[in-house]
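Q:
See the structure below:
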């Protein structure tokens, strides 16, 4: 419909100022203007590996510190053998470089596999197919893709082996969705049946400049003096796999880094754990401590020299000892006491984190057998923060629920049809078999369900299977099928229904897709009799303002009753359009679709508003999304662990609240405070009243915790995105709201947009140094996941965008209890004690060195042999401590889940702070003093006439053996879990 009158399309449009596009000519390969198809994800080449890796290593402060030591050790004032310490430092650097090199080899192999893949290209001038490597593809090449073959560039589909011009692709690599997507050729290219037809087909394509959008794409095809828009249905993107189609021919329009899959490869924000930040601060304090100690020892050395000039004739004491000599002597002590900071500290810490992460991946209790998926991790740097989480921000659909949609109820006219009730279905069928208003309402309602969607059917083992990006749409189509409206086929230009056995063909005149901003979808169809119909479905918040009804309150009440059952609701509407009205609108619509203007989205929205008005109300729908297994029990455990849970969902208020009740977030003993205010004045007054009641701003968070504990009835908060928008930019209101949420057991945020989800997480971080965790399963949760301290992705049915953005991946929400209460708690306990012990053992050794400096007249002479110190750090104490703390369990895993309140140790960070650290160091001081003086005072010694100490080697050796026994005994004492591996 509307394709006969193409007077508008027959002339080129004048692009408005600011428009942008690239023009691609069919068969004309462009080698210079556009990028190559080579993709490089590796960091290094064979030439750049060493210099780039070294530069990266010295971006770390500790490596700069040890580099300075390694240089100073070659000067004459160094008390250590230069190559001993330098080789140890070099070994650490080389080890890290090799580790990064091995990781990069994996990237090189992946790049090589992709870039060297063979692709079939048609040469339009030679009129033959050739084979080339993927990296040699260029924009303008014509590709032939075979079934089960990956697509190596973004291409416009020109024809397919299907007589209907249909192809199916799996987009798992692109968006993570396993269901097939239907692609349909444009009617302008339906003349192309095979490669031989390309010779006569002269066409040009104006496409968007490269961007990351996977849902919007502008393209105009210029052919035979005609210009028409194309859509995403003709774009086959790199990374997709051709399925259920023998072959397709396509024109490459984006290559290499311009492809959408590469454009979507965003840099993941760097997250640093609180423990890591604290560790860095401790290293800085130790450096300052060493600096002060070395200057003091240098000063005492001057004092000793000034008062012992004739005590020992064998010592060559300088005649003068000025300030410069004090500094040089201080550098001598600095080199002597270098091991106060373990040279392998960051290497062993990272090794320990990798071991702890491997436990998560191999935990069979977090393995989901039905889908064959285990828990995974993408970043090990923040594993200990899993044991310190104070706030959880959770999505609802697909995270708390299964995202398995089923149409339960249909509100048609004055009737509510329960689709599980066969008698109700027969009743509505009888209504539709008679004439009258009730019949028209019912028919239009179920036509909306079966026509207004993006679902496409395929045959699988002689059975019709529906595919769509939205599980809701499949539920609606399958629900309509139960009543006799069966979707049989969908093509580029028409939809075929079977209505109680009678075939109906509806020509597609225009389709306006659903967006999160519009919250509705519309489709304009032409019936067999030539009449034009508009069908629209969407959220009640926007749809009720577009329909003409005498009693809107009754509709709102019906929707409310559905929501109170925890069901997801939609409103169906539409109208018959006047032909002249449609033709005028369609002319404007095509002009907009042909435009590449930057404000195209705004123009589309304005055009849609012109027809999406004065709609007839057809009915409502109620879809059930069942809870995942063990969600209420998991939430109860997390609340008992003193973790505050906020649910951020796009669902309407009543639906979200009912789901919250079924999840144990809200119970009968909870006082629910609803913040659904219509304007800023009302929400301001409401929040100020609550602030005055609980004194929220005048109290610290510790005091607010006491307020929460003193409440006779626990409170929960429910707020919608509309009300939350009033607070944006008002720091005082936002602070009151957050503090109110702090004393509440739970907070339910409804009608939330993706950006608002992120804003709520950011609000929490701005009001304190809380450890936050965001968990979700869809693309709309990505910003929230990236904003939170820890991101957890649920590998569900909404793609892998959330999984790729998250640090940890689970297949079920219930596994979160084990991830936090077991693995998280263990990780915090293990990492903190491991770091404290690692510093303890080195301080014990260096205290002995410091004592010997004093005994030896502040000479800076080392006490232990160089190789003793090196092996002490690299082998004799590092690996035992790694083995012990990797397996450490202060209580069994079952007890972690049985007594969730034990989790609070990590939240309060009781095991790792400056005070705790220096307490360990004081113990190290006592231990080192004992280890030094026991052999020094009990072993026979004496000084010869030439200053030779015959017993020094034996004394230091005995002291070192004693040191090994003491630090390993300490390891056994503080460990709570002995086993055959670590003992």
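In my numbering, the protein residues as written are 27 to 1009.
In this text, a Cβ means the ideal position worked out from N, Cα and C, and glycines have one as well.
1. List the DSSP bridge partners of residue 438.
2. Taking DSSP's pairing of strands, which residues face residue 598 in a bridge?
3. Give a yes or no on whether the C-beta atoms belonging to residue 286 and residue 239 are separated by under 9 Å.
4. Cβ of residue 646 within 9 Å of Cβ of residue 436?
5. Taking only runs of the beta strand (DSSP E) that begin and end inside the region 669-715, which ones reach a length of at least 3 residues, in chain order?
6. Along the chain, which unbroken stretches of the alpha helix (DSSP H) at least 4 residues long are found entirely within the region 144-177?
7. Does the Cβ-Cβ distance between residue 411 and residue 309 come in under 9 Å?
8. Checking the sheet assignment: what are the DSSP bridge partners for residue 547?
9. Thinking residue 775 and residue 672 are a contact (beta carbons under 8 Å), I'd like their distance in whole angstroms, please.
10. How far does the alpha helix (DSSP H) with residue 964 in it reach, from first residue to last?
11. Let me confirm a value: residue 625 is counted as buried when at least 16 other C-beta atoms fall within 10 Å, else exposed. Which label applies?
12. Touch check for the region 451-467 and the region 826-835: three-plus C-beta pairs under 8 Å?
13. Any idea if residue 6 is buried or exposed, counting beta-carbon neighbours within 10 angstroms, 16 or more meaning buried?
14. Quick one: using the 10 Å Cβ neighbour count with 16 as the cut-off for buried, is residue 27 buried or exposed?
15. Within 10 angstroms of its Cβ, does residue 999 collect 16 or more other Cβ (buried), or is it exposed?
16. So, does the region 637-645 touch the region 463-474, judging by three or more C-beta pairs under 8 Å?
17. Give me, in chain order, the residues of the same chain whose beta-carbon lies closer than 7 Å to that of residue 793; leave out the 5 immediate sequence neighbours on both sides.
18. Checking the sheet assignment: what are the DSSP bridge partners for residue 1062?
19. Per DSSP, residue 515 is paired with what?
20. On a Cα-Cα basis, can you pick out the residue from 585, 393 and 816 that is closest to residue 439?
21. Determine the contact status of residue 197 and residue 169, defining contact as a CB-CB distance below 9 Å.
22. Compute the Euclidean distance between the alpha carbons of residue 573 and residue 641, then round it to the nearest angstrom.
23. At 4 residues or longer, what runs of the alpha helix (DSSP H) sit wholly inside the region 735-817?
24. May I ask you to report which of helix, strand or coil DSSP gives residue 472?
25. DSSP puts residue 427 in a beta bridge; with which residues?
26. Would you please state the rounded distance, in angstroms, between the beta carbons of residue 782 and residue 750? I believe it to be under 8 Å.
27. Can residue 387 and residue 403 be called in contact, C-beta distance under 9 Å?
28. Label residue 485 either buried or exposed according to how many other C-beta atoms from any shown protein chain fall within 10 Å of its C-beta, with 16 as the threshold for buried.
29. Between residue 621 and residue 127, what straight-line distance do the alpha-carbon atoms span, to the nearest angstrom?
30. Should the region 491-499 be called in touch with the region 514-524, which here means at least 3 C-beta pairs below 8 Å?
31. Assign residue 459 to one of three DSSP states: helix, strand, or coil.
32. Compare the Cα-Cα distances from residue 282 to each of 107, 131, 66 and 124 and report the closest residue.
33. May I ask you to report which of helix, strand or coil DSSP gives residue 43?
34. How about residue 709 and residue 703: are their beta carbons less than 9 Å apart?
35. Distance check for residue 925 and residue 379, CA to CA, integer angstroms please.
36. Quick one: is residue 350 buried, meaning 16 or more other Cβ sit within 10 Å of its Cβ, or exposed?
A: Once the coordinates are examined:
1. Bridge partners of residue 438: 441 and 645.
2. Paired residue(s): 563 and 645.
3. In this structure, residue 239 lies closer than 9 Å to residue 286 by Cβ.
4. Yes, these two residues count as a Cβ contact at 9 Å.
5. For the region 669-715, whole beta strand (DSSP E) runs of length 3 or above, ordered along the chain, are 670-674 and 697-701.
6. Within the region 144-177, no run of alpha helix (DSSP H) at least 4 residues long lies entirely inside it.
7. No; because the gap between Cβ atoms is not below 9 Å, this pair is not in contact.
8. DSSP, once it has assigned bridges, lists 563 as partnering residue 547.
9. Yes, they are in contact, since the Cβ atoms of residue 775 and residue 672 sit about 6 Å apart, within 8 Å.
10. Element bounds for residue 964: 940-964.
11. It is exposed - the Cβ of residue 625 has fewer than 16 other Cβ atoms within 10 Å.
12. Counting Cβ pairs under 8 Å, fewer than three are found: no touch.
13. Outside the shown range of the chain, which is 27 to 1009, sits residue 6, and nothing can be said about it.
14. Summary for residue 27: the model assigns pLDDT 36, below 50, so the residue's position carries little reliability, and this model does not support an answer.
15. With fewer than 16 other beta carbons inside 10 angstroms of its own, residue 999 counts as exposed.
16. As far as the Cβ criterion goes, the region 637-645 touches the region 463-474, which means the pair count is three or higher.
17. For residue 793, where only same-chain residues beyond five positions count, the Cβ hits under 7 Å are 761 and 764.
18. Residue 1062 lies beyond the residue range present for the chain, which begins at 27 and ends at 1009; the question has no answer from this structure.
19. Answer is 522, bridged to residue 515.
20. It is 585.
21. Between residue 197 and residue 169, the CB-CB gap reaches or exceeds 9 Å.
22. In a straight line, the C-alpha of residue 573 is about 4 Å away from that of residue 641.
23. For the region 735-817, whole alpha helix (DSSP H) runs of length 4 or above, ordered along the chain, are 747-753, 757-769, 780-792 and 808-813.
24. Assigned with DSSP and collapsed to three states, residue 472 falls in helix.
25. Its beta-bridge partners are 653.
26. Between residue 750 and residue 782 the Cβ distance is about 6 Å, and since that is below 8 Å, they are a contact.
27. Residue 387 is a Cβ neighbour of residue 403, given a cutoff of 9 Å.
28. Around the CB of residue 485, fewer than 16 other CB atoms lie within 10 Å, so the residue is classed as exposed.
29. Those two C-alpha atoms are separated by around 48 Å.
30. Not touching, per the Cβ criterion.
31. Correct three-state label for residue 459: helix.
32. Ranking 107, 131, 66 and 124 by CA distance to the CA of residue 282 puts 66 first.
33. Residue confidence for residue 43 is low, a pLDDT of 39 falling below 50, so the modelled location carries little weight; the figure read from the coordinates is stated next. Residue state, collapsed to three classes: coil.
34. With respect to residue 703, residue 709 sits close: the two C-beta atoms are nearer than 9 Å.
35. Computed Cα separation, rounded: 25 Å.
36. When all chains shown are included, residue 350 counts as exposed.
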